[in-house]
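Undergrad: Attaching a single structure in structure tokens format; questions to follow.
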Amino acid sequence: MTVLVVGAVNTDLVIETAHIAAPGETVIAARSSTGHGGKGGNQATAVARLGGACTLAARVGAGFDPASLPGVDTSALVHDAAPTGLAVVLVAADGENAITVVPGANANLAPADIRLPPGPPGVVLASLEVPLPAVAAAARLARAAGWRVVLNPAPAVALPPALLADVDVLVPNEHELAVLGSPADLLAAGVGAVVVTLGAAGCRVHRPGGTTTVPAHPVHAVDTTGAGDAFCAALAWALDTGRPLDEAVRLACVAGALATRAVGARAALPAAADLSRAASSAGR
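In this text, residue positions in the sequence shown follow this note's numbering: the first is 10, and each later residue adds one.
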């Protein structure tokens, strides 16, 4: 089986500072660096790091380096005349971040660009840094072919009912959930489960049969930029390997925590052995 990731590929400009500047405030940064990012690129890299088979559907422009996606099948990438997307990532001393994205080629991803990889049904993992029609097309194709769909609705926009009905697991954070509606309404619209990430408080899993809370994995967070992408990737990977949702969510919480151990969205993404050791030590 495989995970098809549908999402953005960016170049990240990471700026480390004592705190995130308030409107009108000027802050002197400690340092800056350039790295690879975009939710699609991050999530695909995270799946591959875990040892999963992963294909990335995205649009990239000039300057894209295929070596930035180790272990990822890049045959579904479309090369675009627009530049590769750019993200400016501000990282505060407490590990919190603020991100501004220039979409570039990501804005041109179209439904015609989406194809399911050959082979048995797997999992589609999509996010919303690319146009909604492309995401909806991926979910529709997946549903028709017996694949499962995990949607990370970031950045959040109102989602059409037809797309919600195709989603098996919706993974918003609290801010995104405020845009999308209540878990009860989302479940009523046809979403299979709503997994709300809560940062250091773990996550809540809402299903028609009730709600459960999964605690966060304890870690000293250096940079939380890649935590959500690592969480979603581990969730999709675990589901693709046949694990039930409860176990997949527990592993995702551990993966999200481990990804915060270094500066950069991909710097601390765990391998499967790292994830297994950490999960075992935490009794998961």
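We put the beta carbon where it would ideally sit given N, CA and C, even for glycine.
(1) Report the residue ranges of all beta strand (DSSP E) runs contained in full by the stretch 115-144; include only those spanning at least 3 residues, in chain order.
(2) Hey, could you find the ends of the alpha helix (DSSP H) residue 186 is sitting in?
(3) Taking 8 Å as the cut-off, does the stretch 237-248 touch the stretch 45-65 (at least 3 CB pairs, one atom from each stretch)?
(4) My guess is that residue 244 and residue 258 are in contact by the Cβ rule of under 8 Å, so how many angstroms apart are they, rounded?
(5) Distance, Cα to Cα, residue 156 vs residue 140?
(6) Which stretch, first to last residue, makes up the alpha helix (DSSP H) that contains residue 255?
(7) Please confirm if the stretch 96-105 is in contact with the stretch 68-77, defined as three or more CB-CB distances below 8 Å between the two stretches.
(8) Of the choices 44, 35 and 38, whose alpha-carbon is the least far from that of residue 277?
(9) Could you say which of 85, 228 and 130 lies nearest to residue 103 if we only look at CA atoms?
(10) What are the complete beta strand (DSSP E) segments, minimum 3 residues, inside the stretch 28-109?
(11) Going along the chain, which residues of its own chain have a beta-carbon closer than 7 Å to the beta-carbon of residue 162, five neighbours each way excluded?
(12) In its own chain, which residues sit with a C-beta less than 6 Å from the C-beta of residue 215, not counting the 5 before and 5 after it?
(13) For residue 177, I'd like the list of residues in its chain whose CB is within less than 6 Å of its CB, leaving aside the five on either flank, ordered along the chain.
(14) Just to confirm my understanding: we take residue 247, look at its own chain, exclude 5 residues before and 5 after, and list those with CB closer than 6 Å. What are they?
(15) If we ignore side chains and look at the alpha-carbon of each, how far apart do residue 224 and residue 124 end up?
(16) So which of 273, 170 and 283 has the shortest CA-CA distance to residue 40?
(17) Suppose contacts are defined by Cβ-Cβ distances below 9 Å. Is residue 132 in contact with residue 283 by that definition?
(18) Please report the distance separating the alpha-carbon of residue 153 from that of residue 30.
TA: Reading off the structure:
(1) 132-136
(2) 183-189
(3) yes
(4) 7 Å
(5) 21 Å
(6) 254-267
(7) no
(8) 44
(9) 228
(10) 40-46, 63-66 and 94-100
(11) 137, 168, 179, 181, 185 and 189
(12) 192 and 203
(13) 157, 158 and 201
(14) 257 and 260
(15) 36 Å
(16) 273
(17) no
(18) 47 Å
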